[in-house]
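The block underneath contains the structure these notes are about, expressed in structure tokens.
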Amino acid sequence: MTGEDAVQQANAYFDSGAFRQVLARRIVLQTESQRPDRDALLMQYLQQEIMPPLRALGFELHLYDNPEAANRPFLIAVRIEDPALPTLLTYGHGDVVFGDDDNWRSDLSPWQLHEEGDRWYGRGSADNKGQHSINLAALEQVFQARGGKLGFNCKLIFEMGEEIGSPGLAEICRRQRELLQADLFIASDGPRLNATQPTLFLGSRGSVNFRLSIHARDNAYHSGNWGGLLTNPGTQLANALAALVNQHGQLQVAALQPPALDEAMRAILRELTVGGQPDDPQIDEHWGEAGLTPSERLYGWNTLEVLAYQTGNPQRPMNAIPASATAVCQLRFVVGTDWQRLVEHLQAHLQAHGFDHVEVEWLHGTPATRLNPQDPLVHWALDIMQRTSGKKPALLPNLGGSLPNDVFADILGLPTLWVPHSYPACGQHGVNEHLLQSVAREGLQIMTRLFWDLGDNGVNVLAQRRREATR
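Going letter by letter, the sequence shown gives residues 1 to 471 in the UniProt record's numbering.
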């Protein structure tokens, strides 16, 4: 058989309804990792839905307790056909966010796959059950088409705590570094640039959440008796925030800005059109860093967002000067940002603007990652995606959001390629989450061809990569 034969076989599998049946069965399992009463279901998902098909493909299976979060286990699966062949590592997560049953459309349930036109509704349909189900199905199609072989070595790691921040993922990868050794990483999560354009992204922006607070006094005081005599923390914190990000949404802290965009990166981002699709919000053209296009602002620059702000009691306001004010903010950043010294940089900037009484507290953060867009693996993947779909794929240097790519890129030291099978308006993390059948079918075609070609040409592509690395 050829790669094209394998793709046609995958089409027949999808069109038969078999993939839909698998996904429907997986959506039924209410794998909400935020809920302690779902512990048994999280293990059941691995044991019932992931382990049997991998065992049928000849994988050795290893279950591990989570070193940082009880009952949020990990599964590592390994199939070695020949040590001389390329070794792929892939990834998926079987947990989902809260179902939020009461707020879905009245005719929908988050725990039942519902078909409506091109949409398959259900919690996890897009994030991430649908996406890793596509990739597992592609492995199955290649295995069958090659008569019981993949043509490469394959390892998989599944987690059941991604939606609570992937606790233990970094540690389990450190502990099992040797078991997880590979030549490249390919996985699927997050959205495409849009529903119609296959997309490859090479990493993700990092993020740091932090809290700003002012505690002026222990009690609130009547605004008529003391107004103009006592400092107002709400007013002060609003002005402190304005010193960090101005009225146009532009980051004002020079020490937290990214390196300037070079022409090579601008050329990549110039090819991308952000927004403009049905259900997309209208982009505010005059918001964000001046002189940058929307794609440059989203994928090539840093943004500081105010996520929450409170002073006094907004639900029951009183005629009183509040005693304190608090804001929770987030910095989204690209590679090259001095993010680990964020607290130091914020404190210095606030002090320079007269806000030395503002407390800065680090909450949590993740690094930014980005594979070199000129890597031979990138050209290889883009070529296959275009030949398979007949469409020019979008290349994102990094996702605008964040995912645990630093574990694979930094801890395991792998070149990372992400091929998402969702789209921006999928309802991920919200109500009425759905997967588009058309995107899922095309995603299965692309992944089947990628895996087939890894068996045919992976040795040569990796050899080219090693040669270029030594220049």
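Backbone N, C-alpha and C fix where the C-beta goes; we use that ideal spot for every residue, glycine too.
Pick from the options that is closest to residue i, judged by C-alpha positions
{"i": "P397", "options": "D375, Q386, L412, G249", "result": "D375"}
{"i": "E68", "options": "G147, P167, E32", "result": "P167"}
{"i": "A138", "options": "Q8, S223, L169, L436", "result": "Q8"}
{"i": "E468", "options": "L377, W418, D406", "result": "L377"}
{"i": "A77", "options": "A70, P83, L88, W362", "result": "L88"}
{"i": "H353", "options": "G400, Y423, Q236", "result": "Q236"}
{"i": "I446", "options": "M385, L462, L412, L417", "result": "M385"}
{"i": "I268", "options": "R105, T199, L251, G275", "result": "T199"}
{"i": "G291", "options": "W104, K155, Q112, A260", "result": "A260"}
{"i": "N103", "options": "E116, T90, R123, E115", "result": "R123"}
{"i": "D5", "options": "T448, F98, L63", "result": "T448"}
{"i": "T366", "options": "L346, Q197, Q34, R341", "result": "R341"}
{"i": "L244", "options": "D127, C426, V306, D118", "result": "V306"}
{"i": "W226", "options": "L272, D279, A320", "result": "A320"}
{"i": "A425", "options": "D218, T470, D279", "result": "D279"}
{"i": "D82", "options": "Q464, D383, V459, G17", "result": "V459"}
{"i": "W111", "options": "V22, R270, R26, G300", "result": "R26"}
{"i": "L435", "options": "W418, A126, K392", "result": "A126"}
{"i": "Y91", "options": "R471, Q464, T416", "result": "T416"}
{"i": "A391", "options": "R192, Q197, P258", "result": "First, the residue type needs correcting, since residue 391 is Lys and not Ala in the sequence shown. That would be Q197, whose Cα lies nearest to the Cα of K391."}
Beta-carbon proximity check, residue i vs residue j, cutoff 8 Å
{"i": "L202", "j": "R370", "result": "yes"}
{"i": "F451", "j": "L212", "result": "no"}
{"i": "A327", "j": "L241", "result": "yes"}
{"i": "M43", "j": "D95", "result": "no"}
{"i": "E178", "j": "H93", "result": "no"}
{"i": "Q282", "j": "V208", "result": "no"}
{"i": "A409", "j": "G206", "result": "no"}
{"i": "H421", "j": "I134", "result": "yes"}
{"i": "I50", "j": "F158", "result": "yes"}
{"i": "V334", "j": "N372", "result": "no"}
{"i": "A238", "j": "P322", "result": "no"}
{"i": "R266", "j": "E296", "result": "yes"}
{"i": "L414", "j": "A182", "result": "yes"}
{"i": "L54", "j": "L61", "result": "yes"}
{"i": "S389", "j": "E442", "result": "yes"}
{"i": "I411", "j": "A254", "result": "no"}
For residue i, three-class secondary structure by DSSP
{"i": "L156", "result": "strand"}
{"i": "L426", "result": "The residue asked about is misnamed: residue 426 is Cys in this sequence, not Leu. Coil, per DSSP."}
{"i": "G206", "result": "strand"}
{"i": "F333", "result": "strand"}
{"i": "S213", "result": "strand"}
{"i": "R370", "result": "strand"}
{"i": "A254", "result": "helix"}
{"i": "T235", "result": "helix"}
{"i": "Q445", "result": "helix"}
{"i": "E32", "result": "strand"}
{"i": "S324", "result": "strand"}
{"i": "N225", "result": "helix"}
{"i": "V148", "result": "Going by the sequence as given, residue 148 is Gly instead of Val. Coil."}
{"i": "W452", "result": "helix"}
{"i": "N194", "result": "strand"}
Residue i - containing beta strand (DSSP E), residue span
{"i": "T199", "result": "199-201"}
{"i": "R79", "result": "74-79"}
{"i": "T366", "result": "359-366"}
{"i": "A10", "result": "From DSSP, A10 is part of no beta strand (DSSP E) but of the alpha helix (DSSP H) over 3-15."}
{"i": "R119", "result": "119-121"}
{"i": "F19", "result": "Unbroken run through F19 is the alpha helix (DSSP H), 18-28; no beta strand (DSSP E)."}
{"i": "Q310", "result": "303-311"}
{"i": "A394", "result": "394-396"}
{"i": "L89", "result": "87-93"}
Continuous alpha helix (DSSP H) stretch holding residue i: start and end
{"i": "V142", "result": "129-145"}
{"i": "L377", "result": "376-389"}
{"i": "I283", "result": "Note, I283: premise wrong, no alpha helix (DSSP H); not H, not E."}
{"i": "I186", "result": "Where I186 is concerned, there is no enclosing alpha helix (DSSP H), although the beta strand (DSSP E) it sits in stretches over 184-187."}
Contact set for residue i: own chain, Cβ-Cβ below 6 Å, skip 5 residues either direction
{"i": "W362", "result": "F210, V343"}
{"i": "A325", "result": "I214, P233, G234, L237, T311"}
{"i": "A308", "result": "V328"}
Other residues of its chain near residue i: CB distance less than 7 Å, five sequence neighbours each side excluded
{"i": "H357", "result": "I214"}
{"i": "F98", "result": "E32, Q34"}
{"i": "N66", "result": "R72, P73, F74, G161, P167, G168"}
Close Cβ partners of residue i (< 8 Å) along its chain, the five nearest in sequence each way excluded
{"i": "H286", "result": "H248"}
{"i": "A440", "result": "F14, F19, W120, G130, I134, H421"}
Interface flag, residue i vs chain B, CB-CB below 8 Å
{"i": "L435", "result": "This model lacks chain B altogether, as it is built from one protein chain only."}
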